[in-house]
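Trainee: Mapping of the sequence shown onto this note's numbering: position 124 corresponds to residue 641, and the numbering continues sequentially without gaps. Positions of the beta carbon are idealized from the N, C-alpha and C atoms, including for glycine.
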Amino acid sequence: FRFDPASELFAKVTRNSPGTLVSNDLSCVAASEGGLLWFGARSAGLNLLGNSQWTLFAEGLTELPSDSIMCLESSGRFLWAGTAGGLALFDGNVLADKFDFSNTSGGIPNNVINDILAIGDTVWCATAGGVGKGVKSGAVWTWQALNAGLGDPGVLSMGTFEDAIWAGTNDGTYRYDGV
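(1) Could you compute how far the alpha carbon of T686 sits from the alpha carbon of F607?
(2) Starting from the C-beta of Q661, find all residues in its chain whose C-beta is less than 7 Å away, skip the five residues before and the five after it, and write them out in chain order.
(3) Excluding the five sequence neighbours on either side, which residues of its own chain have a C-beta within less than 7 Å of the C-beta of D688, listed in chain order?
(4) DSSP three-state call for T621: helix, strand or coil?
(5) Within its chain, find whatever has a CB closer than 8 Å to the CB of V546; leave out the 5 residues flanking it on each side and keep chain order.
(6) Per DSSP, which one or two residues make a beta bridge with K653?
(7) Within 10 angstroms of its Cβ, does P626 collect 16 or more other Cβ (buried), or is it exposed?
(8) Using CA coordinates, which residue listed in P582, D632, N664 and A605 is at the minimum distance from G695?
(9) How many angstroms separate the CA atom of S674 from the CA atom of N631?
(10) Taking the runs of the beta strand (DSSP E) that are 3 residues or longer, which of them lie wholly in the segment 538-577?
(11) Measuring from the CB of D688, is there a heavy atom of the ligand ATP at a distance below 7 Å?
(12) Looking only at its own chain, which residues have a Cβ that is under 6 Å from the Cβ of F574, when we skip the five neighbours before and after it?
(13) Who are the near neighbours of E550 in its chain, counting only those whose CB is closer than 7 Å to its CB and skipping five residues on each side?
(14) Just how far apart, CA to CA, sit L543 and S583?
(15) Using a Cβ-Cβ cutoff of less than 7 Å, which residues in the same chain neighbour G671 once the five nearest sequence positions on both sides are dropped?
(16) Quick test of your reading: G666 and N628, contact by CB under 8 Å. State the CB separation rounded to the nearest angstrom.
(17) Which class does T579 belong to by DSSP, given the choice of helix, strand or coil?
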């Protein structure tokens, strides 16, 4: 949908031809630096709209970890995409890196990424198996799972407030003060 301030109405934007949105079933939308607009689809990959051109990132076309896009997080020129198969990092419109349970030595506790927080050179992942924290030092990422104290390791959402990370689960809300 597009909001028209003059009429105060939303105008529906749909997938109506090849080379546009990959799907009408979207799970998330985010804008990143450089005028890039990203659309995550539940089972059809990731669309990028930049310079009036549509680009599709999908598992069979690119190295996207999964076509099920769960969440997006913009951080300057970077975009993090949480998928059902791990985490993807875009630098501008280029897939720069990807992370999952196996290539982080369990630092991402589950490949289903439900939410992401990017704070400086640190990224936090809410996963179906707990919280993953990645810290970048130079060109190297170091990952660790932070699950101590969670009653339910299935973390659905995360937020930050007053120098703390807040995590929402089916079991309740949890606070992590180590930010």
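Mentor: Let me lay it out:
(1) Computed Cα separation, rounded: 27 Å.
(2) Result list for Q661: G624 and K650, in chain order.
(3) So the qualifying residues of the chain are G668 and D669.
(4) Helix, per DSSP.
(5) By the criterion of a C-beta distance shorter than 8 Å, V546 is surrounded in its chain by L554, W555, F556, G557 and L589, once the five residues flanking it on both sides are discounted.
(6) K653 pairs with W658.
(7) P626 is buried by the Cβ-count criterion.
(8) Of the candidates P582, D632, N664 and A605, the residue whose Cα lies closest to the Cα of G695 is N664.
(9) Spanning the two alpha carbons is a distance of roughly 6 Å.
(10) Taken in chain order, the complete beta strand (DSSP E) segments of 3 or more residues contained in the segment 538-577 are 543-549, 553-558, 563-567 and 570-574.
(11) Ligands in the displayed structure: none, and consequently the ligand ATP is not present.
(12) Here the set comprises G562, L563 and L581.
(13) Excluding positions up to five away in sequence, the list reads G593 and R594.
(14) C-alpha separation (whole angstroms): 15 Å.
(15) Excluding residues up to 5 positions away in sequence, A645, T686 and N687 lie with their Cβ nearer than 7 Å to the Cβ of G671 in the same chain.
(16) G666 to N628, Cβ: 22 Å. No contact.
(17) Coil at T579, not helix or strand.
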